[in-house]
Amino acid sequence: MSKPLISCISLSFLILLFALPLWPQNAASANPSDTNVRLAKLEQHTADAKSSADNAWMLTSAALVLMMTGPGLALFYGGLVRKKNVLGTMMQSFALMAVITVLWGLFSFSLAFGSGNSFIGGLHHLFLRGVGAVPDPDYAGTIPLQTFMVYQLMFAIITPGLIAGAFAERMKFSAMLVFMILWSVIVYDPMAHMVWGKGGLLNAALGGRFPTLDFAGGTVVHITSGVSALVCALYLGKRVGYPKEPMLPHSVVLSFIGACLLWVGWFGFNAGSALSSGSLATSAFVATHFAAAAAAIGWAGAEWLRNGKPSTLGAISGSVAGLVAITPASGFVQPMPALLIGLIAGVFCYWMVAKVKAVFGYDDSLDAFGVHGAGGTLGALLTGVFATSVVNPIFKDAQGNTLPSGVLEGNAHQLFNQFVGVVISWILAIVGTLVILKIVDMTIGLRVSEAEEVEGLDLSQHGEEGYIFETSA
Amino acid sequence: MTKIEAVIQNSKLEAVKDALHEIGIEGMTVLEVRGHGRQKGHTEVYRGREYSVDLIPKTKLEMVLPDAMVEKTVQTIISIARTGKIGDGKIFLTRVDEAIRIRNDERGEAAL
Chain A
1 MSKPLISCIS
11 LSFLILLFAL
21 PLWPQNAASA
31 NPSDTNVRLA
41 KLEQHTADAK
51 SSADNAWMLT
61 SAALVLMMTG
71 PGLALFYGGL
81 VRKKNVLGTM
91 MQSFALMAVI
101 TVLWGLFSFS
111 LAFGSGNSFI
121 GGLHHLFLRG
131 VGAVPDPDYA
141 GTIPLQTFMV
151 YQLMFAIITP
161 GLIAGAFAER
171 MKFSAMLVFM
181 ILWSVIVYDP
191 MAHMVWGKGG
201 LLNAALGGRF
211 PTLDFAGGTV
221 VHITSGVSAL
231 VCALYLGKRV
241 GYPKEPMLPH
251 SVVLSFIGAC
261 LLWVGWFGFN
271 AGSALSSGSL
281 ATSAFVATHF
291 AAAAAAIGWA
301 GAEWLRNGKP
311 STLGAISGSV
321 AGLVAITPAS
331 GFVQPMPALL
341 IGLIAGVFCY
351 WMVAKVKAVF
361 GYDDSLDAFG
371 VHGAGGTLGA
381 LLTGVFATSV
391 VNPIFKDAQG
401 NTLPSGVLEG
411 NAHQLFNQFV
421 GVVISWILAI
431 VGTLVILKIV
441 DMTIGLRVSE
451 AEEVEGLDLS
461 QHGEEGYIFE
471 TSA
Chain Z
474 MTKIEAVIQN
484 SKLEAVKDAL
494 HEIGIEGMTV
504 LEVRGHGRQK
514 GHTEVYRGRE
524 YSVDLIPKTK
534 LEMVLPDAMV
544 EKTVQTIISI
554 ARTGKIGDGK
564 IFLTRVDEAI
574 RIRNDERGEA
584 AL
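Encoded structure:
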């Protein structure tokens, strides 16, 4: 044995000898029950910290999504109508912020997210009973159920608001209110339940019969609203003078501000749909942004080629189309597929709005169908193609192993499931909207009189004007 | 006395105004107007739909002058406002019977 080694061992022995008297004390404080208590406390603190972080992002997201309706959508649509209808159009968005909120508290949240059957939720959350600080792990285990409730409310508000683009400038305010209330209950609540609710037919995370990937509402929000918009445009008929008289957007500037607010708000819409503040939210955030950018280039580029000029309205409409298309895909795809989805959506929606609408001649005044219906359908199908378990391992086998998500990953069947989701949302939107329109039409009537339409909604429905420029007095 | 009404390009207003001051014109009324002559407007495209906008924004100058000043004024406006392209505008001359200054009842050329 070498000398240094011997001295090393003896030194260690000496240290041990001095440390020995301390040992029993340590052992005494580390009795098993005490350790468990401390561990439990630590776990509690960790969970609290995660909960606080998630909750902070989710409350921010809820506020961002509300901002999409007012002022985002109100400005976007408000700028596209003639100036005699600017307040009437903005008021449609704003009224929903008030009315849908009340419905949501009374019973709609329960119908959408309470546990029920495959198609609709139950009534046990009526009047928000049991919706408090305690999380519901089936939806989001780290945030209060009340946060989840108010976040989902903002989606319920904006969805019917999108439809208003199709019947702009000609629907009675009273009829609009009744239509929206019925639509929210008959179309939105069941669709939200089917895709996101416990036991829903299409729910991918909670074992639905046809698991449809819809991260933030491609089917629930955009297909239902966009297709209903088309039904409304066809049922109500054209505006007086369309398409002979020019009906130019009275302020692309307002629309521009609205579209930019929509883009920013959409981070809450899509990244918030992670229902947590972790890497999935980041992934959805990035995909959202990339798709919006590529779609703006797609639409404006298509215009540039066809008309010789890229328009501001084209660029902002493109970005909205891209945001629509990436909505179902945002939590499932990587940045490069997001770019591609956006680019395709920009060109496709431009074609729908500029070409297809003209061929069929319907007056979808602000292109709610051309952007939300068409973009939403495209996005829902492309989600099935590009979804990857690398971003979001949503499908697992019985042993808990991750299964492929989309077609490119080897799950060819997913495109079929996406198709089922699309078809169900189209059918629900068409049938539901037709029935509601018929009811409202036969009771209070849908359209303003021709004289009122010529006068404008601002004066005839609300007794005020959007712009009063008096130079003196 | 003669009234000159000159419809000109918006972009020429400042230059015409300065040139008229230069030759001693002291008062004028300027209106923002819309209209068209042989220049048939332009097209605007919103979401693929073309609209022809045939009423184009123009600027109209109105001034009432002693007859001796008229020809020089007309020549000044023409020399400044002309670009040689369609849309340069028009000048109309009308006889004026009377001019009255509200402040002190002055009449005729003294009121101009």
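Listed in order, the protein sequences are those of chains A and Z. Each residue of the first sequence is one higher than the one before, starting from 1 at the first, in the numbering used here. Each residue of the second sequence is one higher than the one before, starting from 474 at the first, in the numbering used here. Glycine residues also receive a C-beta, built at the ideal position from the N, C-alpha and C atoms.
Does any residue of chain A bring its CB to less than 8 Å from the CB of residue i?
| i | result |
| --- | --- |
| residue 580 of chain Z | no |
| residue 508 of chain Z | no |
| residue 514 of chain Z | no |
| residue 500 of chain Z | no |
| residue 505 of chain Z | no |
| residue 569 of chain Z | no |
| residue 495 of chain Z | no |
| residue 537 of chain Z | no |
| residue 478 of chain Z | no |
| residue 575 of chain Z | no |
| residue 518 of chain Z | yes |
| residue 557 of chain Z | no |
Residue i to residue j, Cα distance in whole Å?
| i | j | result |
| --- | --- | --- |
| residue 126 of chain A | residue 115 of chain A | 12 Å |
| residue 396 of chain A | residue 270 of chain A | 23 Å |
| residue 324 of chain A | residue 146 of chain A | 27 Å |
| residue 243 of chain A | residue 81 of chain A | 14 Å |
| residue 337 of chain A | residue 380 of chain A | 14 Å |
| residue 414 of chain A | residue 315 of chain A | 32 Å |
| residue 464 of chain A | residue 262 of chain A | 27 Å |
| residue 412 of chain A | residue 406 of chain A | 7 Å |
| residue 153 of chain A | residue 134 of chain A | 18 Å |
| residue 48 of chain A | residue 200 of chain A | 30 Å |
| residue 247 of chain A | residue 404 of chain A | 49 Å |
| residue 245 of chain A | residue 523 of chain Z | 12 Å |
For residue i, which residues in the same chain have their Cβ closer than 8 Å to its Cβ, ignoring the five residues on either side in sequence?
| i | result |
| --- | --- |
| residue 1 of chain A | For residue 1 of chain A, the predicted structure reports a pLDDT of 47, less than 50, and the residue's modelled location is therefore unreliable. The matter cannot be settled from this model. |
| residue 585 of chain Z | 474, 500, 537, 538, 539 and 572 |
| residue 515 of chain Z | 525, 526 and 529 |
| residue 607 of chain Z | Lying outside 474 to 585, the shown extent of chain Z, residue 607 of chain Z is not represented and no answer is given. |
| residue 309 of chain A | 303 |
Are any of the Cβ atoms in chain Z nearer than 8 Å to that of residue i?
| i | result |
| --- | --- |
| residue 495 of chain A | Residue 495 of chain A lies beyond the stretch modelled for chain A, which goes from 1 to 473, so this question has no answer here. |
| residue 123 of chain A | no |
| residue 320 of chain A | no |
| residue 313 of chain A | yes |
| residue 246 of chain A | yes |
| residue 249 of chain A | yes |
| residue 363 of chain A | no |
| residue 85 of chain A | no |
| residue 156 of chain A | no |
| residue 353 of chain A | yes |
| residue 77 of chain A | no |
| residue 139 of chain A | no |
| residue 458 of chain A | no |
| residue 255 of chain A | no |
Report the partner residues of residue i according to the DSSP bridge assignment.
| i | result |
| --- | --- |
| residue 438 of chain A | Its beta-bridge partners do not exist; DSSP assigns none. |
| residue 203 of chain A | A/212 |
| residue 171 of chain A | A/447 |
| residue 587 of chain Z | The structure shown does not extend to residue 587 of chain Z, since chain Z is modelled only from 474 through 585, so no value can be given for it. |
| residue 532 of chain Z | Z/481 and Z/505 |
| residue 136 of chain A | A/140 |
| residue 402 of chain A | A/396 |
| residue 562 of chain Z | Z/481 |
| residue 594 of chain Z | Look at the range of chain Z in this structure, 474 to 585, and you will see that residue 594 of chain Z is not part of it. |
| residue 568 of chain Z | Z/475 |
| residue 538 of chain Z | Z/475 |
Counting only the same chain and skipping the five closest in sequence on each side, list residues whose C-beta sits under 6 Å from that of residue i.
| i | result |
| --- | --- |
| residue 75 of chain A | 254, 257 and 258 |
| residue 78 of chain A | 86, 89, 90 and 254 |
| residue 614 of chain Z | Chain Z is shown only over 474 to 585; residue 614 of chain Z falls outside these bounds and no answer can be derived. |
| residue 292 of chain A | 263, 319, 322 and 323 |
| residue 62 of chain A | 150, 151 and 154 |
In chain D, what lies closer than 9 Å to residue i by C-beta?
| i | result |
| --- | --- |
| residue 560 of chain Z | No chain D appears in the structure shown, which is made up of the protein chains A and Z. |
Taking 7 Å as the limit between beta carbons, can you name the residues of its chain near residue i, skipping five residues before and five after?
| i | result |
| --- | --- |
| residue 83 of chain A | 250, 466 and 467 |
| residue 142 of chain A | 50, 51, 54, 135 and 276 |
| residue 454 of chain A | 240 |
| field | Meets three-Cβ-pair contact criterion under 8 Å: the region 305-315 of chain A and the region 377-388 of chain A | value | no
| Is the region 567-582 of chain Z close to the region 502-512 of chain Z, with three or more CB pairs under 8 Å? | no
| request: Evaluate contact between the region 269-283 of chain A and the region 51-59 of chain A, counting only Cβ atoms and requiring at least three cross-stretch pairs below 8 Å. | output: In short, these stretches touch, since the Cβ pair count reaches three.
| Segment contact flag, the region 200-213 of chain A with the region 157-173 of chain A, C-beta cutoff 8 Å, min 3 pairs | no
| Touching or not, the region 178-185 of chain A and the region 427-446 of chain A, by the rule of three or more beta carbon pairs under 8 Å? | Touching, yes.
| said: Measuring CB atoms only, is the region 181-198 of chain A touching the region 214-225 of chain A, in the sense that at least three cross pairs come out at less than 8 Å? | reply: yes
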